[in-house]
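Working notes, beginning with the structure itself.
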Amino acid sequence: MDVRPTPEQLALFSRVPTGVSVIRGAAGSGKTTTALLKLRASVGFHLRRVRRQQTRDPLKVLVLTFNRTLRGYIAELAAQQFEEGDQITLTVDTFSRWGKELVGDPKIIDLDSCRVKLRELAAALDLPREFAVDEALYVMGRFLPENFTDYLTARRDGRGTMPRMLQPARMELLERVIFPFMEYKNKNNLMDWNDIAVNLAVNNYERNDIVILDETQDFSNNEIRAVLNQISDEYTVTFVLDSAQRIYDKKFIWSEVGLNIRPENSHRLISNYRNTREIAQFAAALLEGIVVDDDGSLPDFSSANRIGPKPNILIGRYPGQIDFAVNFIRENVDLNSESVAFLHPKGYGWFSYTKRVLQENGMDYVSIERKVDWPGGDENIALSTLHSAKGLEFDHVFILGLDEETLADYTADNEDDIKEQEIAARRLVAMGVGRARKTVTIGYRPDDAPRLAEFFNPAFCTRVAV
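Numbering (this note's numbering), first residue to last: 147 to 612.
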């Protein structure tokens, strides 16, 4: 990719200040591209300072992403911005892998195992089990351990109002779930991923001069604290985010991590450079009614300067959806110059049938989910989970098999959680739609239509029976 600045982007980094800055913008507004261009400008600024201080250590540049697939993509683009040498060291990584290596590669208890133990402890509470688990993870990611009791009086930002968590319920969660969970990890010499962030937040291992955090909206308070504790005295830190695309149960709060974001160090990108007007309009309808805070931006179809076909909504069995996709690629896509993505909430084993059909039709593909390195082959068809596609872009996007059953992780057992889970599902699918430059195709079974299909505005899509 030849990264060239637009006038809107150029205004953001023509002057490179030290300190913290924030780049906000909706999907397709060029946030990552802007951050990489700022990276190039920041390196030039700091290198001039390094050369004036001849005894100084090499310039340390750190670029962190939330998932491994995005890490591979960003690493390819970041490496094109400047050449490493004696004066520059560049690290592009996920937060988890970067933090684990700094702490010393400890014995990690993964998230699924954490949830199992927390679920066991939460059984004693008069709260929905999964809600209690999510609440405990939220508390531990928001507060440092010595400040857990601040939770008793703090606002529960981003957690909704139901079930009500009055102070007695919060105290019970601390005493019967969170504190015992901490004791369990200490007794068994285990660390979870939040413990890595806490360790980095209180211990200094390295001093980075330039830091870029992409997709920052999916980081927790403790993860932000960890990054800020690993910077030099004269630093340039850039946060890139859009809270409308938040797809994980995390929410950091600027004031709680010690940052005061002022208008002069905060920038919002307005224009939509990726999507056609039709794709942006469809994505905006998916997010209709969702409240967005100051760090979020809803898709703005009025700023998209390209037009194209309306998204296709395929209604029928999965084999019919795949046949439609293969025929569409044959008739409308030049695989020598255009990219295609098959995205799905679950991924992994889900794509076995898709792979077989692509192979039978001589269409080369590559699976990119959770890959640390960006693939270097000639394949222009990618298979990925929706989560792993976050931050990427493709010419044509297919989200097939989007049945209610496949969105099981976004359903709830009690009435109070249903609305919040439906919003999470709508955010996830809207994010996937926003990956597309030219066309979007979504498919589901008519007998298991997803609840979010009610937001597929008929005026903004074309329904096709397959």
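The C-beta atom is built at its ideal place from N, Cα and C for all residues, glycine as well.
When the beta-carbon positions are compared, residue 567 and residue 441 stay at least 8 Å from each other. Distances from the alpha-carbon of residue 542 to those of 472, 396, 573 and 552 put 472 closest.
With respect to the 8 Å criterion, residue 240 and residue 275 are not classified as neighbours on the basis of their beta carbons.
Bridge partners of residue 337 according to DSSP: 254.
Contact annotation, residue 182 with residue 355: C-beta distance approximately 17 Å; criterion of less than 8 Å not satisfied. In the DSSP annotation of this structure, the continuous segment of the beta strand (DSSP E) that includes residue 487 starts and ends at 486–490. In this structure residue 458 is buried. Its beta-carbon is surrounded by 16 or more other beta-carbon atoms within 10 angstroms. Annotated three-state conformation of residue 469 is helix, per DSSP. Linking residue 298 to residue 270 through their CA atoms gives a straight-line distance of about 19 Å. Fewer than three pairs of CB atoms, one per stretch, sit closer than 8 Å, so the region 424–432 makes no contact with the region 366–373.
Cα atoms of residue 156 and residue 179: separation of roughly 11 Å, rounded to the nearest angstrom. Annotation: residue 590 is outside any alpha helix (DSSP H); the continuous beta strand (DSSP E) that includes it extends over 582–590. Look at residue 206 here: in three-state DSSP terms it is strand. The bridge partners DSSP lists for residue 543 are 487 and 586.
Apart from sequence neighbours up to five positions away, the residues of its chain that approach residue 608 with a beta-carbon distance below 6 Å are 456 and 458, ordered along the chain.
In terms of Cα proximity to residue 420, the closest of 188, 584, 248 and 234 is 584. The beta carbon of residue 586 sits closer than 6 Å to those of 425, 457, 543 and 579, all from its chain and outside the five residues before and after it, given in chain order. Residue 467 holds the alpha-carbon nearest to the alpha-carbon of residue 592 among 152, 311, 467 and 210. Judged by DSSP secondary structure, residue 171 falls within the beta strand (DSSP E) whose first and last residues are 165–171.
For residue 380, the enclosing beta strand (DSSP E) starts and ends at 377–387. Contact between the region 437–451 and the region 477–496 is absent: fewer than three C-beta pairs spanning the two stretches fall below 8 Å. Residue 530 carries a strand assignment under DSSP once its states are collapsed to helix, strand and coil. The beta carbon of residue 460 sits closer than 6 Å to those of 467, 470, 589, 610 and 612, all from its chain and outside the five residues before and after it, given in chain order. Between residue 365 and residue 396, the beta carbon gap of about 6 Å places them in contact (Cβ cut-off 8 Å). When DSSP assignments are scanned along the region 376–454, the uninterrupted stretches of beta strand (DSSP E) that are 3 or more residues long and fall wholly within it turn out to be 377–387 and 412–415. Within the same chain, Cβ atoms closer than 8 Å to the Cβ of residue 290 are found at 344, 347, 348, 368 and 371, the five residues on either side in sequence being excluded. About 15 Å separates the beta carbon of residue 386 from that of residue 416, a gap too long to meet the 8 Å contact definition. The alpha-carbon of residue 236 is positioned some 14 Å away from that of residue 218.
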